[in-house]
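In what follows, a single structure is set out as structure tokens and then discussed.
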Amino acid sequence: CAACKKKWDGSTLLLGTMYSYDIFAAMPCCQKRLTCKHCRRAVVDVNTGLSFYSEYSRMITCPYCKAYDYHFIRPMSDTFVVKQPIWN
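Going by full-length UniProt numbering, the first residue of the sequence shown is number 1, and it counts up by one from there.
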């Protein structure tokens with residue numbers, strides 16, 4: 001994670017399964033990953049989270065600025081730091 005420096009853990013995912021949601025957005029590791037894209041305040045508390053993985057890939061209203069957006073879906077370059085590329 002670019003914010004908290006934790007390694008992403010996808011061990012709960014089943015290889016070969018088609019997921020209909022953003023798997024990276026669905027597993028937030030820190031509060032920064034759950035902030036509004038507009039005002040940068042917390043949309044969801046990391047300790048509480050959302051009930052279902054798919055909810056992180058849906059549009060949600062920020063309780064502060066009322067922006068209705070896909071707040072948790074972010075570019076990989078903004079979310080993670082790649083220490084060593086997989087392919088050259």
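Beta carbons: idealized from backbone N, C-alpha and C, even for Gly.
Rounded to the nearest angstrom, what separates residue i and residue j at their Cα positions?
| i | j | result |
| --- | --- | --- |
| A2 | F80 | 5 Å |
| A67 | W8 | 28 Å |
| M59 | L14 | 25 Å |
Using C-beta distances below 6 Å, list every residue in its chain close to residue i, excluding the 5 sequence neighbours before and after it, in chain order.
| i | result |
| --- | --- |
| R41 | Y64 |
| S54 | Y21 |
| R33 | none |
Does residue i have its Cβ less than 7 Å from a Cβ in chain B?
| i | result |
| --- | --- |
| V82 | Considering every chain present, this structure includes no chain B. It has just one protein chain. |
In the DSSP assignment, find the alpha helix (DSSP H) that holds residue i and state where it starts and stops.
| i | result |
| --- | --- |
| M76 | 76 to 79 |
CB residue i to CB residue j, shorter than 7 Å?
| i | j | result |
| --- | --- | --- |
| A25 | I73 | yes |
| D69 | K37 | yes |
So, at 8 Å on beta carbons, what are the nonlocal neighbours of residue i in its own chain, with the 5 sequence-adjacent residues on each side left out?
| i | result |
| --- | --- |
| T35 | R41, A42, V43, H71 |
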